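In our numbering, the protein residues as written are 15 to 539.
Here it is in structure tokens:
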């Protein structure tokens, strides 16, 4: 095999080494935290893989490629980001030991493809399956498993301090969303408070009331419009001329401001709109008109947040008030003033054609609040995937050992010796994940525990057996410890890791494109 290919693969593996060691100690419920200091000198402590990757500034192109692949795990599933990085690196490292002994990388690429498909088939055969029907949320067994999955998901995160409370909160929230994939219907807010146990979920939408809205009487019959409404005229200055225009309307420069804004108000009053949500800073004239007519105005500058609110309110996103009609107005059935901490909110609920809910997380600091929001959204992602793909397996690393055992049995029927080696390398790599979990839990005899666990798995009835990280005993992860996860989580980890390793093994050269020098006209310095 070409020596330059080997050197390129070695260089790529070395480029991922720092990434591997950064995440190795964060894995599992006993994973250690990392202290992150950003450019503004703000401090953050976390053991969440996706958060750590967000702040890592690695120059190596292979490491950056691997980070990009692993982020899709966080986006798709909401958990397992660290596992993707770790398993990919282990697959590369273990295969390299044989490549320097003249086994071609394409052998490992083919072997990893076969091993991945075998693992997926084994997981599907072992998973506990539920029928995807409307009665799923009436199945007490499924709900019991759902609570266990929630507990497993947050056990290593900031919400794990109150694991029972947030497991219940997560399941209550997902029961509102049910089979809907649009998780934007669930808004997650962080509000300062004394205890995270005060966190709760409520139906509907919360809109924060600022000082100018607090004195207004609440609307008896709320009617809401939302969008980028261009409520103010914009002025653009050009040399020797001045142009006034508003979006989608041709307004003559002769029309006075008061007439222009009165026209906007008349449209709202025609349809009885008393709550407006947009991204504009209200001009003084329109603010006064809104005040006189008891119209609430909420400014939301984040375009994404505006769209989320339109989903939650079950109404169409508008770009111009002239396009308004009765079908584009949200009509919540209930409204009330709500005080949370030192902040006041207008609570709108009873919204037709909407499964919206708001999760209120109480945290002591803003930094803690951002981490809590991220952790809860990851929890919702895991639960949503479980509901839409109700196939459940045990976690805690037990299936990695079972998959390794069955891959070795499968490889015995392979006649190609080199291909057999690649399957065994995949099996060896799988066993490293539970080993890391045990080491992070502080057990000095981790290799001995892994060997005992492998011996236990020789019996086909022991596929759910894993190491209890509290006691170091071999325990049934499914029935006794209730450490559960959706099968899609493990399938996705294995798929991304295997394909990332294959992608990196295919690279036999690097082409560095130098930045182009700036063009300089002739006869210039």
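In this text, a Cβ means the ideal position worked out from N, Cα and C, and glycines have one as well. These numbers were taken from a predicted model, which means no experiment stands behind them.
Given residue 6 as reference, the closest of 104, 512, 235 and 474 once Cα atoms are compared: Absent from the structure is residue 6, since the part of the chain shown begins at 15 and ends at 539.
CA nearest to the CA of residue 410, picked from 489, 207 and 517: Out of 489, 207 and 517, 489 has the C-alpha closest to the C-alpha of residue 410.
Ordered list of alpha helix (DSSP H) runs contained in the segment 398 to 437, each at least 4 residues: Complete alpha helix (DSSP H) runs here, min 4: 412 to 425.
Assigned exposure category for residue 266 - 16 Cβ within 10 Å defines buried: Reliability fails at residue 266, whose pLDDT of 48 lies under 50, so the model's placement of it is uncertain and no value is given.
Residue 221 beta carbon less than 9 Å from that of residue 310: Between residue 310 and residue 221, the C-beta spacing is below 9 Å.
Ordered list of beta strand (DSSP E) runs contained in the segment 264 to 318, each at least 3 residues: Runs of the beta strand (DSSP E) inside the segment 264 to 318: 289 to 292 and 310 to 313.
Cβ neighbour criterion (16 or more within 10 Å) applied to residue 55: With fewer than 16 Cβ atoms within 10 Å of its Cβ, residue 55 is classed as exposed.
Close Cβ partners of residue 251 (< 7 Å) along its chain, the five nearest in sequence each way excluded: Caution is warranted here: a pLDDT of 47 is assigned to residue 251, below 50, making its placement in the model unreliable, and the coordinate value is therefore given only provisionally. Around residue 251: no qualifying Cβ.
Proximity winner among 372, 348, 465 and 332, relative to residue 341 (alpha-carbon distances): Comparing Cα-Cα distances from residue 341 to each of 372, 348, 465 and 332, the minimum goes to 332.
Neighbour-count burial assignment, residue 186, 16 or more Cβ in a 10 Å radius: With fewer than 16 other Cβ atoms inside 10 Å of its own Cβ, residue 186 counts as exposed.
Sub-9 Å separation of residue 446 and residue 109 beta-carbons: Their beta carbons are not under 9 Å apart, which means residue 446 does not touch residue 109 by this criterion.
Where the beta strand (DSSP E) through residue 156 begins and ends: Not the beta strand (DSSP E): residue 156 falls in the alpha helix (DSSP H), residues 154 to 168.
Residues near residue 308 in its chain [Cβ-Cβ closer than 6 Å; skip 5 each side]: Cβ-Cβ distances below 6 Å link residue 308 to 230 in the same chain, with the five nearest sequence neighbours on each side left out; the list follows chain order.
Under the three-state DSSP convention, the category residue 377 falls into: Three-state DSSP puts residue 377 in a strand.
Residue 18, buried or exposed, once every other Cβ within 10 Å from all chains shown has been counted against 16: Counting Cβ neighbours within 10 Å, residue 18 comes out exposed, since fewer than 16 surround it.
Short Cβ contact (9 Å threshold) for residue 375 with residue 182: Contact: no.
Proximity of residue 361 and residue 140 at Cβ, strictly below 9 Å: No.
As assigned by DSSP and simplified to three states, the class of residue 358: Looking at residue 358 - three-state DSSP - the assignment turns out to be strand.
Expected contact under 8 Å - CB spacing of residue 69 and residue 50 to nearest Å: Between residue 50 and residue 69 the Cβ distance is about 5 Å, and since that is below 8 Å, they are a contact.
Helix, strand or coil at residue 142 according to DSSP, with G and I counted as helix: In this structure, DSSP gives residue 142 an extended state, which the three-state scheme calls strand.
Any C-beta of chain D under 9 Å from that of residue 100: This model lacks chain D altogether, as it is built from one protein chain only.
Exposure label - residue 475; buried when at least 16 CB within 10 Å: So residue 475 counts as exposed.
Selection from 313, 389 and 238 that minimises the alpha carbon distance to residue 329: The candidate whose alpha carbon is nearest that of residue 329 is 238.
Buried versus exposed call for residue 491 [16 or more other C-beta atoms within 10 Å across all chains shown]: The residue is buried, with at least 16 neighbouring Cβ atoms inside 10 Å.
Nearest-angstrom Cβ-Cβ length linking residue 125 and residue 436, presumed shorter than 8 Å: Contact holds; Cβ gap of about 2 Å.
Contact belief for residue 294 with residue 245 at Cβ below 8 Å, rounded distance in angstroms: For residue 294 against residue 245, the beta-carbon gap comes to about 5 Å, under 8 Å, which counts as contact.
Rounded Cβ spacing between residue 501 and residue 407 (contact assumed at less than 8 Å): 5 Å between Cβ atoms; contact.
Cβ contact check for the segment 168 to 183 and the segment 391 to 406: 3 or more pairs under 8 Å: They touch, by the three-pair rule.
Residue 522 to residue 154 span [Cα, whole Å]: Per the coordinates, the alpha-carbon of residue 522 lies some 54 Å from the alpha-carbon of residue 154.
Where residue 115 falls: helix, strand or coil (DSSP): Note: residue 115 maps to coil in three-state DSSP.
Straight-line Cα distance separating residue 370 from residue 456: Spanning the two alpha carbons is a distance of roughly 43 Å.
Limits of the beta strand (DSSP E) - the one that residue 479 falls within: It spans 479 to 481 - the beta strand (DSSP E) in which residue 479 sits, taken as one unbroken run.
Burial state of residue 105, where buried means 16 or more other Cβ atoms lie within 10 Å: By the neighbour-count rule (16 or more Cβ atoms within 10 Å), residue 105 is buried.
Separation of residue 327 from residue 344, as counted between CA atoms: So the two alpha carbons sit approximately 6 Å from each other.
Beta-ladder partner(s) of residue 500, from DSSP: Under DSSP, residue 500 shares a beta bridge with 406.
Residue 189 - partner residues in DSSP beta bridges: Here residue 189 is not bridged, per DSSP, to any residue.
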